[in-house]
């Protein structure tokens with residue numbers, strides 16, 4: 017094989033995350049992302065490394081026998097969903113097996129037994145997203161203004177996603193009126209190569225339990241435009257939920273991310289309220305919050321179940337005793353959701369989070385929920401935990417996608433706590449970190465995948481670790 021060569025083959029295996037292994041008639045194999053098990057595909061070789069070939073998907077010549085799902089008109093063009101052409105049951109099986117194959121080589125290094133539990137499915141599979149970031153651009157050079165998701169494999173082209181299946185009808189109405197309004201005004205989108213233009217992103221958040229909606233239009237400061245007519249158009253929509261917040265966020269950064277140099281409140285307030293397992297949370301424009309509220313409750317219920325299992329093993333949560341575990345560390349605590357859910361079972365929870373705004377939100381949420389045994393500290397876990405005087409009896413880890421800094425793992429291990437609960441949003445990072453924990457005397461006791469993101473290639477994992485030595 018050579019670079020640039022086109023190949024045809026069948027997808028014989030999918031590895032996490034959505035890495036297809038395509039076998040050709042000659043027996044040679046090529047890695048092709050975004051393919052599905054059983055498909056016959058045409059691809060172009062774009063990388064050759066150490067005798068291994070990687071290819072870009074060009075065309076699906078024959079569908080997989082598994083592709084019997086409802087589908088989506090944007091499937092294959094939009095870079096979002098991966099498995100939406102399959103029944104939900106099939107894609108959860110694929111995710112569970114992918115994660116199991118990924119972690120098995122690491123788990124084989126421990127001496128003790130572990131329990132691999134059935135994958136926890138999302139209670140809602142369509143219209144489940146509580147946050148979306150849409151990008152302004154064009155579908156092709158010189159085409160009309162588009163607002164949607166990045167085209168698969170493209171940094172510049174944008175796909176209009178007015179029929180997106182993972183958001184509900186309120187998102188689609190807001191999306192349609194926004195792109196239509198700004199097309200009529202003939203305002204330019206921000207060109208990421210030239211760094212000129214005005215319209216950048218549309219951020220929409222909708223609380224699943226309260227129905228409160230936030231709309232944030234993100235632009236540069238290169239034009240001065242009155243948004244009052246746009247606000248009136250939004251408020252005139254007939255929605256199932258209720259718009260309580262309309263923001264105008266200014267971002268002159270060259271990076272293609274939603275961030276704020278300054279934010280003006282055009283209507284209402286700068287937050288929405290959401291509820292999870294009986295607790296209330298205030299969510300701002302940039303708050304971290306699980307994007308699937310329904311499955312978030314499943315994830316945190318599973319995490320709490322694992323944690324309570326660990327507490328029983330500590331001998332502090334026997335059924336005939338009301339004694340609580342002393343101090344629980346919630347590292348990478350975000351807005352403090354897990355900390356607050358665990359607070360009734362412990363004497364004190366100390367949360368550590370690097371984003372100051374998230375820490376302030378966590379403090380406000382805990383106060384609003386009447387929780388007095390939660391303390392939240394702003395700072396890098398690697399640096400902050402050295403300064404905390406109260407030592408933990410148990411630790412919960414919910415790190416970002418890249419996992420835990422290797423030096424921080426060493427400090428966590430040095431506490432010598434009997435139980436650690438690791439919640440991972442990127443199983444490849446968990447595999448790397450888990451190996452370090454096993455090498456240092458910890459072993460996995462219970463593992464469960466939780467499908468937070470139906471139709472995508474992503475999956476959360478709960479892993480309860482126990483110290484053996």
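Numbering (the numbering used here), first residue to last: 17 to 485.
Ideal Cβ placement from N, Cα and C applies to all residues, glycine included.
Small disclaimer: the values here were computed from a predicted structure and weren't measured.
Along the chain, where does the beta strand (DSSP E) containing residue i start, and where does it finish?
{"i": "residue 394", "result": "390-394"}
{"i": "residue 62", "result": "56-65"}
{"i": "residue 287", "result": "287-292"}
{"i": "residue 165", "result": "161-166"}
{"i": "residue 413", "result": "410-413"}
{"i": "residue 282", "result": "278-284"}
{"i": "residue 273", "result": "No beta strand (DSSP E) holds residue 273; DSSP gives it neither H nor E."}
{"i": "residue 440", "result": "435-440"}
{"i": "residue 147", "result": "147-154"}
Measuring CB to CB, does residue i end up less than 7 Å from residue j?
{"i": "residue 217", "j": "residue 234", "result": "yes"}
{"i": "residue 146", "j": "residue 228", "result": "no"}
{"i": "residue 369", "j": "residue 298", "result": "no"}
{"i": "residue 468", "j": "residue 308", "result": "yes"}
{"i": "residue 345", "j": "residue 411", "result": "yes"}
{"i": "residue 205", "j": "residue 237", "result": "no"}
{"i": "residue 219", "j": "residue 247", "result": "no"}
{"i": "residue 304", "j": "residue 367", "result": "no"}
{"i": "residue 300", "j": "residue 286", "result": "yes"}
{"i": "residue 484", "j": "residue 451", "result": "no"}
{"i": "residue 88", "j": "residue 165", "result": "no"}
{"i": "residue 101", "j": "residue 81", "result": "no"}
{"i": "residue 392", "j": "residue 371", "result": "no"}
{"i": "residue 326", "j": "residue 440", "result": "no"}
Could you work out which residue in the options is closest to residue i when comparing CA atoms only?
{"i": "residue 352", "options": "373, 399, 449", "result": "373"}
{"i": "residue 293", "options": "303, 246, 318", "result": "318"}
{"i": "residue 74", "options": "96, 45, 25, 484", "result": "25"}
{"i": "residue 30", "options": "442, 41, 54", "result": "54"}
{"i": "residue 137", "options": "345, 92, 314, 68", "result": "314"}
{"i": "residue 162", "options": "168, 139, 192", "result": "192"}
{"i": "residue 214", "options": "225, 221, 201", "result": "201"}
{"i": "residue 272", "options": "208, 304, 32, 239", "result": "208"}
{"i": "residue 72", "options": "464, 47, 93", "result": "47"}
{"i": "residue 155", "options": "149, 168, 173", "result": "173"}
{"i": "residue 409", "options": "34, 398, 343", "result": "343"}
{"i": "residue 274", "options": "92, 44, 148", "result": "148"}
{"i": "residue 354", "options": "93, 397, 321", "result": "321"}
{"i": "residue 356", "options": "44, 461, 382", "result": "382"}
{"i": "residue 396", "options": "131, 139, 152, 415", "result": "415"}
{"i": "residue 295", "options": "17, 325, 477, 378", "result": "378"}
{"i": "residue 302", "options": "284, 312, 279", "result": "279"}
{"i": "residue 17", "options": "81, 187, 466, 70", "result": "70"}
{"i": "residue 197", "options": "185, 158, 239, 250", "result": "250"}
What are the boundary residues of the alpha helix (DSSP H) that residue i is part of?
{"i": "residue 429", "result": "422-430"}
{"i": "residue 190", "result": "185-201"}
{"i": "residue 398", "result": "397-400"}
{"i": "residue 140", "result": "Taken as a continuous stretch (DSSP letters only), residue 140 belongs to no alpha helix (DSSP H), as it is neither H nor E."}
{"i": "residue 72", "result": "It is not in any alpha helix (DSSP H) - residue 72 instead sits in the beta strand (DSSP E) that spans 68-78."}
{"i": "residue 448", "result": "443-455"}
{"i": "residue 376", "result": "372-384"}
{"i": "residue 366", "result": "Residue 366 -> not in any alpha helix (DSSP H); beta strand (DSSP E) instead, spanning 362-369."}
{"i": "residue 182", "result": "Counting along the chain, residue 182 falls outside any alpha helix (DSSP H), and DSSP gives it neither H nor E."}
{"i": "residue 354", "result": "353-358"}
Requested in this report: Report yes or no: do the stretch 170-180 and the stretch 122-133 share at least 3 C-beta pairs separated by less than 8 Å?
Outcome: no
Query raised in the report: Is the number of C-beta pairs between the stretch 416-423 and the stretch 465-472 that are closer than 8 Å three or more?
Result: no
Query raised in the report: Is it true that the stretch 425-435 meets the stretch 358-365, where meeting means three or more beta-carbon pairs spaced less than 8 Å apart?
Result: no
**Report entry** contact_flag[the stretch 102-113, the stretch 143-158] where n(CB pairs < 8 Å) is 3 or more
**Finding:** no
Report task. Run through the stretch 220-246 for me and flag every whole beta strand (DSSP E) of 3 or more residues, listed as ranges in chain order. Result -> 228-235
Query raised in the report: Okay, do the stretch 22-38 and the stretch 49-61 touch, 3+ Cβ pairs below 8 Å being the bar?
Result: yes
Query raised in the report: Counting pairs of Cβ atoms below 8 Å between the stretch 387-404 and the stretch 442-449, do you hit three or more?
Result: no
Requested in this report: Report the residue ranges of all alpha helix (DSSP H) runs contained in full by the stretch 93-137; include only those spanning at least 4 residues, in chain order.
Outcome: 104-123
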